[in-house]
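Undergrad: Before I ask anything, here is the structure I am working with.
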Amino acid sequence: MEIIFSQLDENNGRFQLAGCSTPFANSIRRAMIGEVPTLAIETVKIYDNTSALFDEMLTHRLGLIPIRSNEECLVPQSRCSCGGEGCPSCSVIFTMSVEGPAMVYSRDLISQDPRISPAEPDIPIVKLIKDQKVVLEARAVMSVGREHAKWQPTTACGYKVHPVIQVSDKCDGCGQCVEECPRGILEVRNRRVAVIEGQLEECSLCQLCMRACMNTGIGDEPGIMVTTDESRFLFVVEGDGSLPVREIIGQALEYIRTQSSELSAQIEEITGETRDE
Ligand code: SF4
Ligand code: SF4
Ligand SMILES: [Zn+2]
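Okay, so the sequence shown: first residue is 19 according to the numbering used here, each after it adds one.
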């Protein structure tokens with residue numbers, strides 16, 4: 019198996035995964051979305067809320083704020099020695115006290131742990147007019163996206179099968195498919211259609227080019243064929259700021275490895291046969 023990155027920065031990653039099956043590619047996607055622990059606000063004590071939002075709306079908005087977390091300083095609540103009660107090892111307390119007129123932003127959540135804070139300081143929560151107030155205490159806990167979407171570390175996470183575009187001798191370079199391609203990745207070169215250098219990954223597999231070619235009356239088969247390579251996948255991962263994308267991918271792969279080892283061990287125990295890793 020091979021992973022080749024074409025982009026990797028704090029919040030965005032694009033990579034090609036080669037030499038694996040579709041179920042395996044999908045398990046990586048699911049692990050990134052649902053099995054990488056992050057922090058999110060779970061309980062809120064509201065001392066004063068005279069804003070235009072009901073308490074429920076306000077707490078819902080607080081729950082969706084990405085919180086910059088670090089697994090080295092906290093453990094997921096399900097694995098914590100407190101047994102899920104909530105303690106400084108698996109949760110962190112934030113306080114907020116804002117009086118109008120003002121816009122309440124995520125930066126107004128003051129963390130008791132200086133290593134932890136909202137991932138973005140400028141997320142608007144509610145607008146207060148004169149004499150309106152929000153005073154509360156919120157507890158964020160570590161958990162995973164499988165429990166609730168607010169713990170997902172990704173805002174976008176998906177893949178497509180790698181496209182394969184072949185041009186046959188039937189192509190006369192008429193350019194009809196070039197006009198039709200919505201991604202603009204085709205060109206006529208030496209009287210034959212070809213993919214523009216470095217643009218193949220942009221193909222959406224819509225096959226409009228094949229249809230355009232058939233409409234020229236070329237015969238039974240189009241001059242351009244768009245198929246897929248079922249062992250190569252193009253991933254796009256966008257983080258919400260709670261973890262760097264590199265960390266999301268690393269933790270997801272680690273999760274799959276641990277789960278696979280546990281499954282192997284259990285199969286060995288049942289069958290008594292040793293299996294290769
Ligand atoms: S593939 Fe078909 S539509 Fe495209 S340039 Fe060749 S002949 Fe024309
Ligand atoms: S399949 Fe769609 S995106 Fe890909 S080359 Fe053909 S028209 Fe363009
Ligand atoms: Zn705990």
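The beta carbon of each residue, even a glycine, is placed where N, CA and C say it ideally should be.
Predicted model only: the values in this text are computed from it and were never measured.
1. Kindly confirm or deny that the segment 139–146 and the segment 169–178 touch, where touching means at least three C-beta pairs closer than 8 Å.
2. Start and end of the beta strand (DSSP E) containing residue 245?
3. Please classify residue 141: does DSSP put it in a helix, a strand, or coil?
4. Checking the sheet assignment: what are the DSSP bridge partners for residue 78?
5. For a quick check, are the C-beta atoms of residue 226 and residue 205 less than 8 Å apart?
6. Report the residue from 196, 278, 184, 118 whose alpha carbon sits nearest the alpha carbon of residue 70.
7. Using 7 Å as the cut-off, classify the Cβ of residue 181 as near or not near the heavy atoms of ligand 2, replying yes or no.
8. Quick one: which unbroken alpha helix (DSSP H) runs of 4-plus residues sit fully inside the segment 21–68? Chain order, please.
9. Please say whether residue 224 and residue 262 have beta carbons closer to each other than 8 Å?
10. Within this structure, are the beta carbons of residue 158 and residue 109 separated by less than 8 Å?
11. Pick helix, strand or coil for residue 309, following the three-state DSSP scheme.
12. Count the other CB atoms, across all protein chains shown, that sit within 10 Å of the CB of residue 53; report buried if there are 16 or more and exposed otherwise.
13. Using three-state DSSP, classify residue 195 as helix, strand or coil.
14. Please name the residue, chosen from 232, 229, 160, that lies closest to residue 103 on a Cα-to-Cα basis.
15. Give a yes or no on contact between the segment 80–88 and the segment 46–65, applying the rule of three or more CB pairs nearer than 8 Å.
16. To the nearest angstrom, report how far apart residue 162 and residue 174 are at their CA atoms.
17. Please report the distance separating the alpha-carbon of residue 246 from that of residue 185.
18. Run through the DSSP bridge pairs and tell me what residue 113 is partnered with.
19. Among the residues of its own chain, which have a CB less than 7 Å from the CB of residue 29, if the five just before and after it don't count?
20. Pick from 90, 152, 238, 149: whose alpha carbon is nearest that of residue 133?
21. Considering just the uninterrupted stretch of the alpha helix (DSSP H) at residue 229, what are its terminal residues?
TA: Well, looking at it:
1. Cβ pair count under 8 Å is below three, so no.
2. In the sequence shown, residue 245 corresponds to position 227, counting from 1. 242–257 is the span of the beta strand (DSSP E), which, as asked, contains residue 245.
3. One-based indexing of the sequence shown puts residue 141 at position 123. DSSP places residue 141 in coil when its eight states are reduced to three.
4. Your numbering for residue 78 matches position 60 in the sequence shown. The bridge partners DSSP lists for residue 78 come to none.
5. Sequence index remark: in the sequence shown, residue 226 carries index 208 (1-based). Sequence index remark: in the sequence shown, residue 205 carries index 187 (1-based). No, Cβ-Cβ distance for residue 226 and residue 205 is not below 8 Å.
6. Taking the first residue of the sequence shown as position 1, residue 70 is located at position 52. It is 118 whose Cα lies nearest to the Cα of residue 70.
7. Here residue 181 corresponds to residue number 163 of the sequence shown, with the count starting at 1. Residue 181 Cβ: within cutoff of ligand 2.
8. 40–52
9. Sequence index remark: in the sequence shown, residue 262 carries index 244 (1-based). Sequence index remark: in the sequence shown, residue 224 carries index 206 (1-based). Cβ distance not < 8 Å, so residue 262 and residue 224 don't count as in contact.
10. Counting from one through the sequence shown, the residue named residue 158 turns up at place 140. Counting from one through the sequence shown, the residue named residue 109 turns up at place 91. When the beta-carbon positions are compared, residue 158 and residue 109 come within less than 8 Å of each other.
11. For the chain, the structure presents residues 19 to 295; residue 309 sits outside this window and is missing.
12. The residue you call residue 53 lines up with position 35 of the sequence shown. With 16 or more other Cβ atoms within 10 Å, it is buried.
13. In the sequence shown, counting from the first residue as 1, residue 195 sits at position 177. Three-state DSSP puts residue 195 in a helix.
14. The sequence position of residue 103 within the sequence shown is 85, counting from 1. Of the listed residues, the one whose Cα sits closest to residue 103 is 160.
15. yes
16. Residue mapping note: residue 162 aligns to position 144 of the sequence shown, counting from 1. Residue mapping note: residue 174 aligns to position 156 of the sequence shown, counting from 1. Approximately 16 Å, taken between the alpha carbons.
17. In the sequence shown, residue 246 corresponds to position 228, counting from 1. In the sequence shown, residue 185 corresponds to position 167, counting from 1. C-alpha separation (whole angstroms): 14 Å.
18. Within the sequence shown, the letter at position 95 stands for residue 113. Beta-bridge pairing links residue 113 to 128, 155.
19. Looking up residue 29 in the sequence shown gives position 11. 256, 257, 259, 263, listed in sequence order.
20. Position 115 of the sequence shown, counting from 1, holds the residue named residue 133. Here the closest residue by C-alpha is 90.
21. Along the sequence shown, read from residue 1 onward, the residue named residue 229 stands at position 211. Segment 226–232, the alpha helix (DSSP H) holding residue 229.
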